[in-house]
Amino acid sequence: MTTSATAHTGSEGAIKAGDNVTDRLLAANRRYAEAFEDPGMDARPVLRVAVVACMDARLDLHEALGLELGDCHTIRNAGGVVTDDVIRSLTISQRKLGTRSVVLIHHTNCGLESLTEDFRSELEMEVGQRPAWAVESFRDVDQDVRQSMQRVRTSPFLLHTDDVRGFVFDVRTGLLREVDPA
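Each residue of the sequence shown is one higher than the last, beginning at 719 in my numbering.
What follows is the structure, encoded as structure tokens:
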């Protein structure tokens, strides 16, 4: 898979003992800011689309979808699943910032396929408190995309639910495969 950014493989981009990743990110930000010019944009996405996707580091959404800065709203979480918080973000995106389309992207070899809701019990045993949130794990990525599409389409808070499409990104080929909503 090629991307616009340098893909780190092996140990070349790894954080070494004693290094601080946040300091490394701040140094990169200072270099970025030196050449930064205000693009004069507002928060409304040019393409009027919101993309909901997994947080997996292998997904370079802008490159994979041919997007530029300002084209879309990007909402990411573990699995790319539609949770109450995703509905909150989509509602603000649509009602206050003008988006009309929703693209949902899950991917092959997702870590949520190997988790179960038992993870919440493990956390409760470790920290003494059960998380209020669900893990939202799944075994069938296509079915989970369908479930996510259904959650968007049936939310009473969303104004625009006609153009909701779901996809599975193949982490080996970089191709998107559309999931039939039926």
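Glycine residues also receive a C-beta, built at the ideal position from the N, C-alpha and C atoms.
Between the CA atoms of C772 and H824 - distance to the nearest angstrom: Roughly 6 Å separates the two Cα atoms.
According to DSSP, residues forming a beta bridge with L894: Within the DSSP secondary-structure output, L894 pairs in a beta bridge with F887.
Nonlocal neighbours in the same chain, by C-beta distance under 7 Å from T720, ignoring five residues either side: Low confidence applies here, because T720 scores a pLDDT of 43, under 50, leaving its location unreliable and the question unanswered by this model.
Opposing strand residues paired with A852 [DSSP bridges]: Paired residues: none, contrary to the question.
Counterpart residues of C790 in DSSP-defined beta bridges: Residue pairing for C790: DSSP places it in a beta bridge opposite V767.
Distance between L815 and A745 (C-alpha atoms, nearest Å): About 32 Å.
S873 - containing alpha helix (DSSP H), residue span: Going by DSSP, S873 is part of no alpha helix (DSSP H) at all; its letter is neither H nor E.
Stretch-stretch touch, CB-based, cutoff 8 Å, three pairs: the region 831-841 with the region 869-877: Here the region 831-841 does not lie against the region 869-877, with fewer than 3 beta-carbon pairs under 8 Å apart.
Residue environment, G784, which counts as buried when at least 16 other CB atoms sit within 10 Å: Flag for G784 reads exposed.
D802 versus D737 - alpha carbon distance: One C-alpha to the other measures close to 36 Å.
T826 versus S819 - alpha carbon distance: One alpha carbon belongs to T826, the other to S819, and they sit about 23 Å apart.
Short Cβ contact (9 Å threshold) for I793 with A768: Contact flag set, yes.
Rounded C-alpha distance that separates R766 from P757: Using only the alpha carbons, I get a separation of about 18 Å.
Cβ-based burial, P763 [other Cβ within 10 Å; buried from 16]: Buried is the call here.
V886 versus D789, D774, M843, residue with shortest Cα-Cα distance: The shortest Cα separation from V886 among D789, D774, M843 belongs to D774.
Local conformation of N747 per DSSP, three classes: The answer is helix: DSSP assigns N747 an H, G or I state.
Selected residue, minimal CA-CA separation from L822, among G798, D789, H791, K734: Ranking G798, D789, H791, K734 by Cα distance to L822 puts G798 first.
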